[in-house]
Amino acid sequence: MFYFPSPIKSITIFVVASFPGSILSFRGELLKAFYNKGHDVHVVAPGLNKRSGIRSELEDLGFSAHNIILNRRRISPFIDLLTIINLFFLFYRFSPKIIFSYTIKPVIYSSIASRFFRFTDFYALITGLGYTFQITQHKKLPQYIAQLLYAFSLKSAKKVFFQNPDDRDLFKAKGFLLARTPAIVVNGSGVDLDRFQVRPFPSKITFLLLGRLIKSKGISEFVDAACILESSCPTVKFQIAGDFEEGVDRISKSQIESWQRETCVEYLGNLQDVRPALAETSVYVLPSWREGTPRTVLEAMAIGRPIITTDVPGCRETVKDGYNGFLVPLSNSRLLAEAMRKFIDNPELIKIMGRRSRLIAEQKYDVRKVNSVIFREIGIG
């Protein structure tokens, strides 16, 4: 008698996010992998109303898209309660088997809403700690509230995914995770090595920083380092690209305009496709204060660029100091400039370390490898 394996049973998977612009760029390959395995994939985020271009893109790929009310910048009891109610009724309507949420508010509010559904498994992905865990002289009330909500919400998670071991260890030390809750470290979001292929280097040495225009990305430190170098390195280019943000951490449009007038730093705007800018880059720089795993660094590594970044959680995992780039201390523009000068004075390092970055990307950060870990831990085909 012959036995044949049963076909994979389709299940309903909800992926909950806080920012529609990140869905396809950061989680697109994961969503496609869920869908290609035969599962019913639903994407939930604010800004996915019927006129949304991102909603149309998601639906064209075969996903269901749902718009919710969510204020990702501020704690507002009334709005946040509406978010939870919104999620509750979506979960009630579609009875998902799996809820997979990332970033702070989707994790917290999906957890609360999912507690009413006995046969739903909730998984959290901690993509970075940001302002919630910034060290300040006096902790502010929103930070305390956010940390308390994290501690409450993660107790209902079947598993929690982290993008670096420092974040995992911090959550364990603070008691945010139950002893029985598995904590899995994955290598960031991964990077599509077919989409981000090795590109030739530009003729002029160019340093680039990509990211949201907030202080914690180390943008001021990058500008200061450029100012240290500009008089002795007049042919070197220093560039910034990214979108403006709201909140206490933001860098204003007037500040960017001032830097453009008074320094050698060039602002490229908010880029829909970062690949052309990365291709015109010699060395990628991210002096961030803390990350989950910085996606832009992975993309720069994939196209074969050396990296300068800070020796802080999330960033330090991407660089072997002196091998594929350099690690510098947090908030130290002078040492950042010294690391940049090493490439200016020894331009042969750019190609050598760039090749090594691509090798690390292939070995460690291939999005297919990262997704395979998530599939295995969630236990789906």
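Residue numbers (my numbering): -4 to 376.
C-beta: ideal position from N, C-alpha, C; glycine also.
Item	Value
Cβ-Cβ distance between S277 and T305 below 8 Å	no
At least three beta-carbon pairs within less than 8 Å, the region 221 to 240 to the region 199 to 209	yes
Anticipated Cβ contact below 8 Å, A356 with V186, distance rounded	6 Å
Beta-bridge pairing of H61 - partner residues as DSSP gives them	V39
Start and end residues, beta strand (DSSP E) containing V323	G320 to V323
Per-residue burial, S13 [other beta carbons within 10 Å of its own, 16 or more giving buried]	buried
Rounded Cβ spacing between F89 and H37 (contact assumed at less than 8 Å)	6 Å
Proximity test, Cβ basis, 8 Å: K212 and chain C	Although the question refers to chain C, the structure presented lacks it and comprises just one protein chain.
When I200, F9, E216 and K212 are compared against K232, the one with the closest alpha-carbon	I200
Status (buried if at least 16 other CB within 10 Å, exposed otherwise) for F166	buried
Touch test, the region 187 to 196 against the region 159 to 173, Cβ-Cβ under 8 Å, three pairs minimum	no
Beta carbon of F86 nearer than 8 Å to that of A108	yes
Residue closest to L65, alpha-carbon to alpha-carbon, out of D244, G57, E275 and I80	I80
Whole-angstrom distance between S247 and I130, CA atom to CA atom	At I130, the pLDDT of 47 sits below 50, so the modelled position is not reliable; the number obtained from the coordinates is stated separately. The alpha-carbon atoms of I130 and S247 are separated by roughly 23 Å.
Other residues of its chain near F58: CB distance less than 8 Å, five sequence neighbours each side excluded	L26, Y30, V36, H37 and V38
Where E240 sits in the DSSP three-state scheme	coil
For F9 and P101, believed in contact at Cβ under 8 Å, the rounded distance	That pair is no contact at about 10 Å.
Cβ separation of L120 and S148, assumed to be a contact under 8 Å, to the nearest whole Å	About 13 Å separates the two Cβ atoms, so there is no contact after all.
Backbone secondary structure at S96 - three-state DSSP	strand
Beta carbon of S151 nearer than 8 Å to that of R110	yes
In DSSP terms, what E261 is bridged to	Q234
Residue nearest to L43 in terms of C-alpha spacing, selected from I63, R351, F370 and C259	I63
Beta carbon of C222 nearer than 8 Å to that of T258	yes
Buried/exposed call for E216, threshold 16 Cβ in 10 Å	buried
D116, enclosing beta strand (DSSP E) - first and last residue	D116 to I121
Cβ-based neighbour list, I214, same chain, cut-off 7 Å, excluding 5 preceding and 5 following	L204, L208, I235 and I246
Bridge-paired residues (DSSP) for Y279	L203 and I302
Own chain partners of A295 with C-beta closer than 6 Å, once the 5 adjacent residues on each side are dropped	L273 and Y279
Selected residue, minimal CA-CA separation from F114, among E54, N182, P342 and I6	I6
Distance, G309 Cα to K45 Cα	36 Å
I251 (DSSP reduced to helix, strand or coil)	helix
Local Cβ density within 10 Å of V314, reported as buried at 16 or more and exposed below that	buried
Supposed close pair F21, S184 - CB separation, criterion 8 Å	5 Å
Closest residue to G287 among N182, V368 and H61 (Cα-Cα distance)	N182
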